[in-house]
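Colleague:
2 protein chains.
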Amino acid sequence: MRPTQIQERVKLFLRKLQAIGVILMPNVNKIEVEPIGFVKRTSRDEDVKDRRLISRVVLKNELADGLDGVEEFSHVFIIFWLHKISDYEKTVLKVHPKGRVELPPVGIFATRAPNRPNTIGLTLVELVKREENSLFVKGLDAFDGTPILDIKPYDSWDAAASFDVPK
Amino acid sequence: MRPTQIQERVKLFLRKLQAIGVILMPNVNKIEVEPIGFVKRTSRDEDVKDRRLISRVVLKNELADGLDGVEEFSHVFIIFWLHKISDYEKTVLKVHPKGRVELPPVGIFATRAPNRPNTIGLTLVELVKREENSLFVKGLDAFDGTPILDIKPYDSWDAAASFDVPK
Numbered sequence: 047m048r049p050t051q052i053q054e055r056v057k058l059f060l061r062k063l064q065a066i067g068v069i070l071m072p073n074v075n076k077i078e079v080e081p082i083g084f085v086k087r088t089s090r091d092e093d094v095k096d097r098r099l100i101s102r103v104v105l106k107n108e109l110a111d112g113l114d115g116v117e118e119f120s121h122v123f124i125i126f127w128l129h130k131i132s133d134y135e136k137t138v139l140k141v142h143p144k145g146r147v148e149l150p151p152v153g154i155f156a157t158r159a160p161n162r163p164n165t166i167g168l169t170l171v172e173l174v175k176r177e178e179n180s181l182f183v184k185g186l187d188a189f190d191g192t193p194i195l196d197i198k199p200y201d202s203w204d205a206a207a208s209f210d211v212p213k
Numbered sequence: 047m048r049p050t051q052i053q054e055r056v057k058l059f060l061r062k063l064q065a066i067g068v069i070l071m072p073n074v075n076k077i078e079v080e081p082i083g084f085v086k087r088t089s090r091d092e093d094v095k096d097r098r099l100i101s102r103v104v105l106k107n108e109l110a111d112g113l114d115g116v117e118e119f120s121h122v123f124i125i126f127w128l129h130k131i132s133d134y135e136k137t138v139l140k141v142h143p144k145g146r147v148e149l150p151p152v153g154i155f156a157t158r159a160p161n162r163p164n165t166i167g168l169t170l171v172e173l174v175k176r177e178e179n180s181l182f183v184k185g186l187d188a189f190d191g192t193p194i195l196d197i198k199p200y201d202s203w204d205a206a207a208s209f210d211v212p213k
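Protein sequences, first through last, are from chains A and B.
The opening residue of the first sequence carries number 47 in the numbering used here; numbering runs sequentially from there.
The opening residue of the second sequence carries number 47 in the numbering used here; numbering runs sequentially from there.
Here is the structure:
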């Protein structure tokens with residue numbers, strides 16, 4: 047059999063699998079990300095859940111230009127890495143919603159719990175000011191030293207006109 | 047000098063550095079994430095920017111329980127990996143906002159452009175239905191085969207009561 051014939055047969059076989067409902071997942075298993083910066087808090091003992099506090103998001107010097115123009119936005123999303131979650135905690139698939147033990151456990155993707163397979167944090171913050179490679183933001187619930195993965199400006203398509211959440 | 051004395055001296059030195067404004071970045075350089083699933087579109091040729099289209103987010107079978115209860119939410123954030131961006135594109139720090147060449151370039155963190163140091167995508171979608179390890183969502187601007195990193199339910203704190211964006 048020629049290589050092109052083999053290719054054709056493989057394609058046909060895959061199409062048959064898909065036709066009967068088999069889902070083919072691409073073979074992407076490990077993705078590497080690198081922090082673009084870190085969270086700097088006034089004190090290590092601050093209550094990170096206090097949304098009135100201001101934290102500093104310090105980018106690596108070489109990325110400073112990437113912030114140009116961000117001052118035009120009032121709010122940004124901070125995407126960060128929850129570096130304090132243990133490997134064991136990442137395997138937990140069900141938790142009590144909002145830590146309320148009186149409620150039955152739900153799936154981790156139905157909560158914003160920090161322990162998840164990929165411990166990525168997402169918080170909408172108010173942009174207070176920018177200074178060179180730093181953003182001063184209000185409302186970030188991340189510890190001092192937390193690695194930052196991305197910053198995205200908040201725009202109209204991020205706001206759901208109306209939405210439902212569990213009671 | 048005893049080890050505890052050395053430790054004390056180092057701490058004092060670091061405190062002095064911080065006092066004069068030096069920012070100490072933790073030594074976290076590589077973070078590994080693993081896809082929790084993949085995007086499945088009806089056709090590979092679909093216009094991914096058409097927000098009316100429905101895509102399927104297929105989680106790995108072993109993570110299916112993590113979706114329990116997500117049906118109670120009308121909207122979720124899909125956090126995904128923009129796997130088609132080249133290494134070169136990731137180094138670009140300034141782009142024309144929304145691809146409009148008549149506007150002066152701004153920093154990548156002042157846009158939602160896909161090319162960024164960590165090519166993480168974030169899209170708010172409408173949750174249509176859940177079926178076992180799959181979510182059917184409306185409005186996801188991701189290609190067929192895109193690796194999914196996380197799913198987070200949309201809650202009240204994700205909505206800015208009022209916000210500013212550039213004109």
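Virtual Cβ for every residue (Gly too), placed ideally from N, Cα, C.
In this text the structure is predicted, and so the values were computed from the model without any measurement.
Which residues in chain A have a C-beta closer than 9 Å to the C-beta of Ser202 of chain B? List them in chain order.
Modeller: In chain order: Phe209 and Val211.
Colleague: Note down, in chain order, every chain B residue with its Cβ under 9 Å from the Cβ of Phe126 of chain A.
Modeller: What Phe126 of chain A touches in chain B: nothing, since even the nearest Cβ is about 11 Å away.
Colleague: Would Val116 of chain B count as contacting chain A if we go by Cβ distances under 7 Å?
Modeller: True, the Cβ-Cβ gap to chain A drops below 7 Å.
Colleague: Using a Cβ-Cβ cutoff of 9 Å, what residues of the segment 76-103 of chain A are near chain B? List them in chain order.
Modeller: The segment 76-103 of chain A vs chain B, Cβ under 9 Å: Lys76, Ile77, Glu78, Val79, Glu80, Pro81, Ile82, Gly83, Phe84, Lys86, Arg97 and Arg102.
Colleague: Please name the residue in A:Ala65, A:Lys213 and A:Glu118 whose C-alpha comes closest to that of Tyr200 of chain A.
Modeller: Nearest C-alpha to Tyr200 of chain A: A:Glu118.
Colleague: Select from B:Lys136, B:Leu186 and B:Pro160 the residue whose C-alpha is nearest the C-alpha of Phe123 of chain B.
Modeller: Of the listed residues, the one whose Cα sits closest to Phe123 of chain B is B:Leu186.
Colleague: Starting from Leu105 of chain A, follow the beta strand (DSSP E) in both directions and report where the run begins and ends.
Modeller: It spans Ile100 to Leu105 - the beta strand (DSSP E) in which Leu105 of chain A sits, taken as one unbroken run.
Colleague: With a floor of 3 residues, list each beta strand (DSSP E) that falls wholly inside the segment 87-138 of chain A, ordered by position along the chain.
Modeller: Fully enclosed beta strand (DSSP E) runs of 3 or longer: 100-105 and 121-127.
Colleague: Have a look at B:Ala206, B:Asp196 and B:Ser208 and flag the residue whose alpha-carbon is nearest the alpha-carbon of Ala110 of chain B.
Modeller: Considering only alpha carbons, the answer is B:Asp196.
Colleague: Name the two residues that bound the continuous beta strand (DSSP E) containing Ile290 of chain B.
Modeller: Here chain B comprises residues numbered 47 to 213, so residue 290 of chain B is not present and cannot be evaluated.
Colleague: Please report whether the beta-carbon of Ser132 of chain A lies at a distance below 7 Å from any beta-carbon of chain B.
Modeller: So, not an interface residue.
Colleague: Can you tell me whether DSSP reads Val56 of chain A as helix, strand or coil?
Modeller: Helix, per DSSP.
Colleague: If we require 3 or more residues per run, which beta strand (DSSP E) segments fall completely within the segment 141-179 of chain B?
Modeller: With a minimum length of 3 residues, the continuous beta strand (DSSP E) runs that stay inside the segment 141-179 of chain B are 166-177.
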